[in-house]
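Position in the sequence shown (first residue = 1) + 20 = the working numbering. Think of the CB as a built atom: it goes at the ideal place given N, C-alpha and C, for glycine as much as any other residue. Bear in mind that the values here come from a model prediction, so they are computed numbers and not experimental data.
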Amino acid sequence: MVESLNSMLLDAREYPYITLINVIQEKMSKWWNKRREMGMSFTSLLTPKREDEIRPRFTESNSLLIQQLNPVTFHVKVPGLEVVVDTHKMTCTCRAFDIDRLPCVHAIAATHHAPQWNVPDEVSNKVVLSRVVKDKKRGMPKTSRYPSAKETRNHKNRCKRGGKLEHNQKSCRSETGPNYHNTPNETPS
21 MVESLNSMLL DAREYPYITL INVIQEKMSK WWNKRREMGM SFTSLLTPKR EDEIRPRFTE
81 SNSLLIQQLN PVTFHVKVPG LEVVVDTHKM TCTCRAFDID RLPCVHAIAA THHAPQWNVP
141 DEVSNKVVLS RVVKDKKRGM PKTSRYPSAK ETRNHKNRCK RGGKLEHNQK SCRSETGPNY
201 HNTPNETPS
């Protein structure tokens with residue numbers, strides 16, 4: 021990789037730094053675009069190289085002897101080797117499946133003999149709805165807190181007219197006090 025970058029940048033080394041960076045970015049963009057297009061052209065989940073690795077394993081897996089130990093564990097006999105495959109944990113005692121993360125011959129053979137799920141029609145025909153997500157409340161969030169049930173209000177309304185508690189000036193019926201206003205028909209004495 022380094023040698024290919026050096027040969028690509030032979031002429032660009034003479035450029036100022038900004039231009040050199042632009043040349044590198046352009047070249048790497050072309051490389052990534054080419055690889056992306058190649059990846060989008062694959063019809064399988066695996067790359068062609070990995071498919072070529074696995075294809076011979078399928079033919080070889082047909083000749084192995086398999087004994088099912090439980091629904092997910094299998095004992096696979098190969099000439100000169102006996103291994104245990106766990107299809108649920110995706111492990112094999114040959115360790116090739118664990119290291120490569122590609123199914124080894126034994127794992128492929130075990131999956132051929134694994135029982136298939138028998139899903140009833142009423143389950144497979146069910147429509148699963150997505151959960152309903154409530155919209156967030158609009159506007160400013162509440163800044164004051166809600167008092168707890170045990171809290172009492174310390175603030176009591178006091179009337180400015182009569183000076184009494186539990187009512188305010190607007191609902192006061194007192195005719196005395198500093199803020200009492202005479203009506204226009206009454207004359208002060």
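Whether residue i touches residue j by CB criterion (8 angstroms)
i, j, result
"residue 133", "residue 103", "no"
"residue 43", "residue 37", "no"
Cβ neighbour criterion (16 or more within 10 Å) applied to residue i
i, result
"residue 128", "buried"
"residue 81", "buried"
"residue 3", "No statement about residue 3 is possible, as the shown extent of the chain runs from 21 to 209 and does not include it."
"residue 33", "exposed"
"residue 130", "buried"
Residues of its chain near residue i, where Cβ-Cβ distance is below 7 angstroms and the 5 sequence neighbours each way are ignored
i, result
"residue 122", "70, 73 and 74"
"residue 190", "none"
Through-space distance from residue j to residue i, alpha-carbon basis
i, j, result
"residue 160", "residue 108", "50 angstroms"
"residue 47", "residue 54", "11 angstroms"
"residue 99", "residue 93", "20 angstroms"
"residue 31", "residue 58", "29 angstroms"
"residue 184", "residue 192", "9 angstroms"
"residue 89", "residue 66", "30 angstroms"
"residue 188", "residue 178", "6 angstroms"
"residue 146", "residue 64", "29 angstroms"
"residue 23", "residue 52", "18 angstroms"
"residue 49", "residue 41", "12 angstroms"
"residue 68", "residue 79", "17 angstroms"
"residue 171", "residue 142", "55 angstroms"
"residue 83", "residue 95", "14 angstroms"
"residue 28", "residue 56", "21 angstroms"
"residue 166", "residue 154", "22 angstroms"
"residue 162", "residue 156", "13 angstroms"
"residue 76", "residue 45", "41 angstroms"
Sequence-distant residues of its chain with Cβ nearer than 8 angstroms to residue i (five each side left out)
i, result
"residue 203", "For residue 203, the pLDDT reaches just 49, beneath the cut-off of 50, and the residue's location in the model is therefore unreliable, leaving the point undetermined."
"residue 111", "105, 117 and 118"
"residue 114", "101, 103, 124 and 126"
Cβ shell of residue i (< 6 angstroms), same chain only, five flanking positions each side left out
i, result
"residue 85", "97"
"residue 169", "none"
Residue i: CB within 7 angstroms of a non-hydrogen atom of the ligand SAM
i, result
"residue 42", "Looking at this structure, you won't find the ligand SAM or any other ligand, since it has none at all."
Beta carbon proximity, residue i to chain C, threshold 8 angstroms
i, result
"residue 44", "This model lacks chain C altogether, as it is built from one protein chain only."
Legend entry - Within the stretch 59-106, ranges of the alpha helix (DSSP H) (whole runs, at least 4 residues): 68-81
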